[in-house]
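The structure appears below as structure tokens.
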Amino acid sequence: VLLMAQGLPGVEIAERVGYTVVQVSRLRRRFAEHGVAGLHDRPRSGRPPTITARKRAQIVALTLKPPAPGLTHWSTRDLARKTGVSHGTVHHIWRAHALKPHRVSTFKFTTDPDAEAKIHDVVGLYLHPPTNAVVLSLDEKTQIQALSRTQPLLPLRPGLPARQTHDYRRNGLTSLYAALEVASGRVLGDCTPRHTGAEFLRFIKGVARCYRGHELHVVLDNSSTHSTPAVQAWLDQHPEIQFHFTPKGASWLNMVEAWFGILTRKSVRRGSFDTVRALIRHIEAYIAEWNSHPTPFVWTKDPAAIIKKAVGRGR
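Just so you know, the sequence shown maps onto residues 351 to 665 in our numbering.
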């Protein structure tokens, strides 16, 4: 009102007091009609709140503490019984304070003492690959199950999603070795019945033949099959091939893991396979389709941000 008396425009008054222009105009009109009495809040419909600020603070504080023995988190009804209010009241207080005890997210950090150096090494390959060299992200997806549904899939229809039975038969397993070429997105893959050092060595030899004459930088996780004496002896004979290991507990730095996720979602999860061979043919067909129009993954996060997130939590 004092600012109005000074003749300031509504826009400037709104900026000064943190109101909207509409609110300022409303107050100006009410003051003109009713004087100071018009500035008081008008009676509103509905029952006035019965929960005091102290009670609200108590409910918030209890929510942030461990619940009763045997429980992992509070529910609205459990906390309502504890505090003597309705579960709807607890729900409204939780929503007002963005509290969601029923939800939990996961995180993972590495305790590898060489984590920072390895992160700089691997991410450096993604962001600044060596000139005239090929960078590959290599890993194995183990124990892919050949599951067959007991009834045929009901196809997608307007208004209805595709549907499949919950029950299934297990028809065996296979493991997929895959090498993702970081620059192009092209994938080399091979399915094997086991995932030992011998299978890995056979696969990496095949990869090396595909890139004969090129310097190779291969990103791997710390699986014991990647560093057997036989593998190390072979590497000693091929100095043009260098392994770069992700930190322990940080295999998500391996770019091919993202491709494995796509394979699972688009090709394997909703499939039905009566034999392991049928599953392998299906995976091979997907790899061929992927390579007909490969999509490279673009790494954007710098090493410092990754180190802060992956290593910092473990300190």
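We put the CB at the ideal spot given by N, CA and C, even for glycine.
Inter-residue spacing [alpha-carbon to alpha-carbon] between residue i and residue j
i	j	result
Y476	R544	30 Å
D296	P505	In the structure displayed, the chain extends from 351 to 665; residue 296 sits before or after that span and is not available.
R520	S498	7 Å
V372	H442	28 Å
L523	T542	9 Å
Y636	A418	50 Å
H437	R431	8 Å
S534	H478	15 Å
V532	V557	14 Å
F457	W602	12 Å
F610	K491	7 Å
F550	Q514	35 Å
E362	H384	24 Å
T614	C560	26 Å
A411	G434	15 Å
G357	R378	12 Å
S642	F459	36 Å
W649	K616	22 Å
V568	E466	18 Å
F647	A654	20 Å
Q408	S455	25 Å
V666	G621	The structure shown does not extend to residue 666, since the chain spans only 351 to 665, so no value can be given for it.
G563	L488	19 Å
Q592	E607	20 Å
V626	T546	19 Å
N482	I633	31 Å
Q493	W444	42 Å
F595	D571	5 Å
E590	P416	56 Å
T578	W584	10 Å
Buried versus exposed call for residue i [16 or more other C-beta atoms within 10 Å across all chains shown]
i	result
A496	buried
P480	exposed
V367	exposed
L352	exposed
T645	exposed
I612	exposed
D464	exposed
N604	buried
D517	exposed
L421	exposed
R665	Per-residue confidence for R665 stands at a pLDDT of 48, beneath the threshold of 50, marking its modelled position as unreliable; the derived number appears in the next sentence. Burial call: exposed.
I370	Correcting the residue type first, residue 370 is Thr in the shown sequence and not Ile. T370 should be labelled exposed.
P597	buried
S574	exposed
T426	buried
A528	buried
H390	exposed
G539	buried
V386	exposed
L503	exposed
T461	exposed
Sheet register partners of residue i (DSSP bridge)
i	result
K598	According to DSSP, which records beta bridges pairwise, K598 is partnered with nothing at all.
L530	S487 and V537
R513	L504
Q373	Looking at the DSSP assignment, Q373 forms no beta bridge with any residue, so it has no partner.
Q587	Looking at the DSSP assignment, Q587 forms no beta bridge with any residue, so it has no partner.
R519	S498
S525	T542
F593	V568
Range of the contiguous beta strand (DSSP E) that encloses residue i
i	result
D540	V537 to T542
Span of the alpha helix (DSSP H), counted from its first residue to its last, around residue i
i	result
G474	A465 to L477
L352	L352 to A355
D428	T426 to T433
R619	No alpha helix (DSSP H) contains R619, which DSSP labels as neither H nor E.
W649	Looking at the DSSP string, W649 is not in any alpha helix (DSSP H), and its letter there is neither H nor E.
R453	Counting along the chain, R453 falls outside any alpha helix (DSSP H), and DSSP gives it neither H nor E.
S642	V626 to S642
K415	It is not in any alpha helix (DSSP H) - K415 carries neither H nor E in the DSSP assignment.
G420	Taken as a continuous stretch (DSSP letters only), G420 belongs to no alpha helix (DSSP H), as it is neither H nor E.
L613	V606 to L613
I363	G360 to V367
T439	H437 to A446
Any chain D beta carbon closer than 8 Å to residue i
i	result
A467	Among the chains in the structure shown there is no chain D, since it carries only a single protein chain.
Entirely enclosed beta strand (DSSP E) segments - the segment 554-582, minimum 3 residues: 565-570
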